[in-house]
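Protein chains in written order, with this note's numbering: chain H, 2 to 356; chain S, 2 to 356.
2 protein chains.
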Amino acid sequence: MLKVFIFAHMDKKYTIKDIAQMAGVSKGTVDRVLHNRGKVSPAALEKINEVLNVIDYEPNLIARNLKSTKVYRICVLLPDPAFDPYWLPCVNGIQDAITEFKAYNVVIEIHYFNPESTKSFLKTNETIIAQSPDAVLLTPLFHKETVEIIKRYDELEIMVNTFNNQVESSSIKSFVGQDLYKSGRVAASLMNLILPKGQIAIIHIDESLKNAVHMQEKERGFRSYFEEKNLPDFSLITLKLKYSNIETKFAAFVDEHPDLSGIFITTSKAYQIASSLSNFEDKKIALIGYDLIEKNVSFLNQGLVHFLIHQNQKRQAYLGVSTLADHFLFRKDIPETILLPIDIINVENASFYVS
Amino acid sequence: MLKVFIFAHMDKKYTIKDIAQMAGVSKGTVDRVLHNRGKVSPAALEKINEVLNVIDYEPNLIARNLKSTKVYRICVLLPDPAFDPYWLPCVNGIQDAITEFKAYNVVIEIHYFNPESTKSFLKTNETIIAQSPDAVLLTPLFHKETVEIIKRYDELEIMVNTFNNQVESSSIKSFVGQDLYKSGRVAASLMNLILPKGQIAIIHIDESLKNAVHMQEKERGFRSYFEEKNLPDFSLITLKLKYSNIETKFAAFVDEHPDLSGIFITTSKAYQIASSLSNFEDKKIALIGYDLIEKNVSFLNQGLVHFLIHQNQKRQAYLGVSTLADHFLFRKDIPETILLPIDIINVENASFYVS
DNA sequence: TAGAAAAATGTGCTCGAACACACTAATTTT
DNA sequence: AAAATTAGTGTGTTCGAGCACATTTTTCTA
């Protein structure tokens with residue numbers, strides 16, 4: 002009745018020496034077989050393979066990495082958090098990776114660029130290329146430039162991983178991020194829960210509108226939900242706000258739309274809307290936005306923001322570099338796409354996510 | 002304008018040999034200083050400390066663990082998933098840990114017990130004690146028995162970690178789980194969003210009612226939310242259901258409470274209520290439950306369950322053993338309490354959490 | 001068949017920490 | 001003062017994989 006599963010069969014760790022002994026050859030020969038280095042007689046090959054078929058040998062990764070004096074260099078190309086605090090958690094995620102892989106010979110460097118300037122992006126890439134690292138983790142904010150620069154990296158045989166922004170291009174082999182379409186749908190499902198009906202605005206706020214694809218995907222997902230559910234009591238409108246005089250433009254928008262009852266902000270700038278909205282005290286408008294940055298959480302706690310969707314940039318950045326390091330150190334495959342869960346945050350569970 | 006932070010100062014890894022050379026002594030002497038093994042002259046001690054103050058030496062953990070032939074044994078005491086599929090993800094989490102620490106000499110064993118029988122719990126503990134492992138990860142389902150057995154482990158100097166159920170006892174030094182009170186609040190906040198008013202039932206379903214404290218904490222949190230918000234349009238009632246004839250008892254309850262509009266199920270048995278509820282097709286009752294087990298997700302997709310709270314057992318179990326392994330291998334401290342985030346799941350984001 | 005070339009195999013060192021052991025120098029004991 | 005402790009220091013081995021190099025065996029050629 003009482004089952005006890007013991008994973009004892011996984012215990013016995015065979016070494017090359019063990020295999021050599023069992024096959025009656027030297028460890029050098031075993032090594033040649035394991036690495037297909039040739040210069041092995043058919044007889045020896047067969048004996049060793051016989052042993053390898055019986056036991057399941059897994060090399061001791063610790064010993065392997067102890068020996069290797071090779072230093073792996075990974076560069077991260079990150080928008081400067083000074084321009085947008087959205088990127089701040091990424092630094093922590095990368096720091097975690099630095100700590101984790103310090104023992105192995107992995108050097109990780111962060112290079113910041115100005116997210117509003119393609120020039121800065123390109124220039125920083127040149128700095129990185131000059132360092133000739135083994136791999137690069139990119140934040141591909143600029144589509145065209147990213148595709149071009151990745152070609153360069155390919156030629157130089159520098160491995161590239163991307164995160165945060167999904168760029169459709171055959172040259173991009175791996176990506177860590179979220180399904181933005183689905184995250185739009187999540188937002189919509191929550192909005193539908195807060196509101197029985199009414200007019201909903203989808204607001205895109207971004208200094209440089211370089212997140213265009215990013216934001217559009219979220220809008221597409223958001224709209225798809227309402228279309229699919231066929232909810233006639235809702236109407237959706239889109240509003241794009243640029244950096245200059247957001248306040249006044251938004252105020253005008255609210256005046257023009259007296260029936261407005263919900264707002265979905267596709268970027269991390271929900272706090273700007275919440276702040277403006279606090280002027281219209283009579284209005285009761287549902288707000289859903291992105292990211293657990295300080296100001297957003299503050300408005301969440303005040304009850305002005307109802308839900309935030311957590312994009313988990315910290316983990317994105319961490320996974321971006323750690324998959325690269327794991328690839329070099331432990332020969333693990335780099336997953337084509339890692340899609341992180343779309344965390345739903347409200348005032349009651351927010352504290353567990355802020356890091 | 003363009004900042005480039007290079008973590009180069011973290012690169013240079015000093016070895017004991019380096020320190021010995023710099024201090025003009027042998028590596029043996031350095032080793033004695035580092036480990037306070039004594040037998041070092043004041044002169045040598047000072048020279049070495051001078052060097053250690055300048056550089057920051059961190060021992061290469063890889064090399065350290067390569068040398069040590071010590072095999073660490075960690076036993077996990079887990080309720081048999083055959084009795085309750087809730088525990089199934091834990092096995093995966095532990096398997097992950099097994100894979101991760103296989104390279105180091107860490108042996109992890111899972112021992113299953115019958116969650117409905119304290120005898121089984123005690124008996125399995127005896128089996129584990131007989132193996133004299135270095136550490137144990139417990140699922141402390143039974144309060145009294147747990148406290149007693151932990152005393153035994155303490156005497157035997159076997160390290161104990163707990164997960165899933167928080168047991169208040171000074172003898173328990175570490176715990177991985179969730180804040181159940183707050184998870185009740187999260188559920189309440191979601192319920193409040195779905196329903197404008199009405200009667201809400203808090204239903205405790207558990208075969209053995211051994212989760213009593215567990216469930217009560219959730220109820221306490223749930224109620225606290227409604228009390229705090231002072232919402233007079235709601236009324237809360239509690240219902241306890243045991244294994245036998247849940248269906249009929251619940252049907253009677255529904256008949257007796259025509260105004261019932263929401264149900265909060267404090268265990269992973271939401272599917273049982275959802276299943277019963279599908280008989281009352283005219284009723285539109287909001288359902289919030291726990292855990293992404295298959296049947297629950299199925300009802301979530303059907304729209305009969307509105308929200309599930311993810312307790313992330315897999316990660317709980319993984320962290321439970323990995324903190325122990327990290328302690329032995331890398332001398333990391335075992336955190337007193339690790340509280341995992343309370344993930345809110347609806348039909349739109351569920352797919353990203355099921356593992 | 002000797003001798004050269006090639007193929008096959010084995011040996012030995014490295015990585016860094018840990019620790020046993022050997023050794024020297026400074027005291028203490030007889 | 002010689003012997004015996006003890007304090008202090010250094011040397012050498014181990015862990016497992018990886019690889020350079022040395023050595024042995026086989027095959028081929030003159």
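For each residue, glycine too, the CB sits at the ideal point set by N, CA and C. Just so you know, these numbers come straight off a predicted model, no measurement behind them.
Should residue i and residue j be called a contact, given that it needs their Cβ atoms to be closer than 7 Å?
i, j, result
"S/Ile159", "S/Val177", "no"
"H/Ser190", "S/Glu349", "yes"
"S/Tyr87", "S/Asp292", "yes"
"S/Leu52", "S/Ile75", "The displayed chain sequence assigns Val, not Leu, to residue 52 of chain S. No."
"H/Asn313", "H/Leu340", "no"
"H/Lys315", "H/Pro82", "no"
"S/Glu1", "S/Leu181", "An answer regarding residue 1 of chain S cannot be provided, because it is not within the stretch 2 to 356 covered by chain S."
"S/Leu232", "S/Phe254", "no"
"H/Tyr354", "H/His311", "yes"
"S/Ser175", "S/Glu47", "no"
"S/Val34", "S/Ile17", "no"
"S/Phe143", "S/Thr125", "no"
"H/Phe308", "H/Ser277", "no"
"S/Tyr73", "S/Val107", "yes"
"S/Ile238", "S/Ala202", "yes"
"H/Gly263", "H/Leu196", "yes"
"H/Leu325", "H/Asn162", "yes"
"S/Leu261", "S/Gln303", "no"
"H/Ala351", "H/Leu301", "yes"
On a CA-only basis, which of the options is nearest residue i? Give me that one, please.
i, options, result
"H/Val55", "H/Lys250, H/Asp81 and H/Ala24", "H/Ala24"
"S/Leu330", "S/Leu232, S/Lys71 and S/Lys18", "S/Lys71"
"S/Phe102", "S/Lys120, S/Ile63, S/Thr125 and S/Cys91", "S/Ile63"
"H/Ser299", "H/Ala253, H/Gln273 and H/Phe251", "H/Gln273"
"H/His112", "H/Glu156, H/Ile195, H/Thr128 and H/Pro60", "H/Thr128"
"S/Asp327", "S/Ile201, S/Pro80, S/Tyr105 and S/Thr267", "S/Tyr105"
"H/Ser225", "H/Ile247, H/Val187 and H/Leu261", "H/Val187"
"S/Glu169", "S/Asp334, S/Phe122, S/Lys145 and S/Ile238", "S/Lys145"
"H/Phe122", "H/Leu320, H/Ile203, H/Asp260 and H/Ile151", "H/Ile151"
"H/Asn297", "H/Leu320, H/Gly263, H/Asn347 and H/Leu325", "H/Asn347"
"S/Gly222", "S/Thr163, S/Tyr15 and S/Thr267", "S/Thr267"
"H/Lys230", "H/Leu301, H/Asp334 and H/Asn193", "H/Asn193"
"H/Phe265", "H/Ala351, H/Gln132, H/Leu67 and H/Ile204", "H/Ile204"
Which partner residues of residue i appear in the DSSP bridge assignment?
i, result
"S/Ser236", "S/Gln200"
"H/Lys152", "Paired residue(s): none; H/Lys152 is not in a bridge."
"H/Val161", "H/Val137"
"S/Ile289", "S/Phe265 and S/Phe308"
"H/Val77", "H/Ile111 and H/Leu138"
"H/Phe223", "Answer by DSSP bridge pairing: none, since H/Phe223 is not bridged."
"S/Val177", "S/Phe164 and S/Ile339"
"S/Ile206", "S/Leu242"
"S/Ile129", "According to DSSP, which records beta bridges pairwise, S/Ile129 is partnered with nothing at all."
"H/Lys344", "Contrary to the premise, residue 344 of chain H reads as Asp rather than Lys in this sequence. H/His311, per the DSSP bridge assignment."
Taking only the alpha-carbon atoms, compute the straight-line gap between residue i and residue j and give it to the nearest angstrom.
i, j, result
"S/Gly94", "S/Ala318", "6 Å"
"H/His258", "S/Thr249", "52 Å"
"S/Val148", "H/Lys285", "51 Å"
"S/Ile345", "H/Gly290", "16 Å"
"S/Leu288", "S/Ala271", "8 Å"
"S/Asn165", "S/Thr140", "6 Å"
"S/Ser294", "H/Ser184", "For clarity, residue 294 of chain S is Ile in the given sequence; the question names Ser instead. Taking the straight line from one Cα to the other gives about 22 Å."
"S/Ala275", "H/Val322", "43 Å"
"S/Gly29", "S/Ser42", "13 Å"
"H/Leu305", "S/Arg65", "53 Å"
"H/Ile343", "H/Val31", "48 Å"
"S/Ser356", "H/Ala98", "24 Å"
"S/Ser69", "H/Arg38", "31 Å"
"S/Glu117", "S/Val77", "18 Å"
"S/Ile206", "S/Met216", "9 Å"
"H/Phe227", "H/Asp234", "10 Å"
Is there at least one non-hydrogen atom of the ligand COA closer than 6 Å to the beta-carbon of residue i?
i, result
"S/Ile201", "The ligand COA is not part of the structure shown, which contains no ligands of any sort."
Checklist entry - Going along the segment 153-186 of chain S in order, which residues come within less than 7 Å of chain H, judged by CB to CB distance? => result Lys183 and Arg186
Next on the checklist: Against chain H, which members of the segment 314-344 of chain S pass a CB distance test of less than 8 Å?
Outcome noted: Leu340, Leu341, Pro342, Ile343 and Asp344
Next on the checklist: For the segment 184-206 of chain S, list every residue whose C-beta sits within 7 Å of some C-beta in chain H, in sequence order.
Outcome noted: Arg186, Val187, Ser190, Leu194 and Ile195
Checklist entry - If contact means a Cβ-Cβ distance below 7 Å, which residues of the segment 60-74 of chain H contact chain S? => result Asn61, Leu62, Ile63, Ala64, Asn66 and Leu67
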